[in-house]
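*Asks:* To start, I am sharing the structure in question, which I have written as structure tokens.
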Amino acid sequence: MGTKTLFALLVFAFTSATSAGPGSKQMNTEVESSIEKLDSINHLPNLLPVILENRDFIGLTEEQFAELDHWRNENREPMLAAMKEIARKRVAIRQAAISPTVSSARLQQMQNEIFRLQREVLNYKLSCRDHIVKTFNNENWISFFMVLAEQDIGVSLPADYAEK
């Protein structure tokens, strides 16, 4: 057996052992890292946790809190599952992209599935936003904007509230 063949077999054996399947530690670490990146580049901020953590300062009534908490209980897990699936699929497409046996058409299919999941997450976030808009009163908004200003999450006060 030639040196090149032996080297190739050793490299294959090593890389196969380190990426031993979807449940491997490396895959989980990559998925967690991808979720963190997704969260940091997310176009819509995660407002509900901030609202619920500051409900007293924002002045939520028990009824308002119950409505928002109910939405969270119904939608949080499916949204997080979709986000985790996006992260897993991003890791998979990155791996597939370097494989000479994966066609461009297959990579497009994989990317389209990621886009579908991203739309799903967007729909959850828009549903949450709509629920907040329907639930809040004017005083809640003013107090909420004060919380956001203090937390410096990279959004500015909407113009129609800044003038008040």
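Letter 131 of the sequence shown, counting from 1, is numbered 176 in this note's numbering, and no numbers are missing. Backbone N, C-alpha and C fix where the C-beta goes; we use that ideal spot for every residue, glycine too. It should be emphasised that the depicted structure is a prediction, and the values quoted were computed from it without experimental measurement.
If you pair each beta-carbon of the region 150-164 with each one of the region 102-120, do three or more pairs fall below 8 Å?
*Replies:* With a cut-off of 8 Å, the region 102-120 and the region 150-164 do not count as touching, because too few Cβ pairs lie within range.
*Asks:* Leaving out five residues before and five after residue 188 in sequence, what residues of the same chain have Cβ atoms less than 7 Å from its Cβ?
*Replies:* 102, 103, 104
*Asks:* So does the region 172-188 actually touch the region 92-102, counting three or more Cβ pairs closer than 8 Å?
*Replies:* Enough Cβ pairs lie closer than 8 Å, so yes.
*Asks:* Please name the residue in 148, 137, 172 whose C-alpha comes closest to that of residue 124.
*Replies:* 172
*Asks:* Are there 16 or more other CB atoms within 10 angstroms of the CB of residue 195, so buried, or fewer, so exposed?
*Replies:* exposed
*Asks:* Might you give, ordered along the chain, the residues of its own chain that have their beta carbon closer than 8 Å to the beta carbon of residue 61, omitting 5 neighbours on each side?
*Replies:* Summary for residue 61: the model assigns pLDDT 41, below 50, so the residue's position carries little reliability, and this model does not support an answer.
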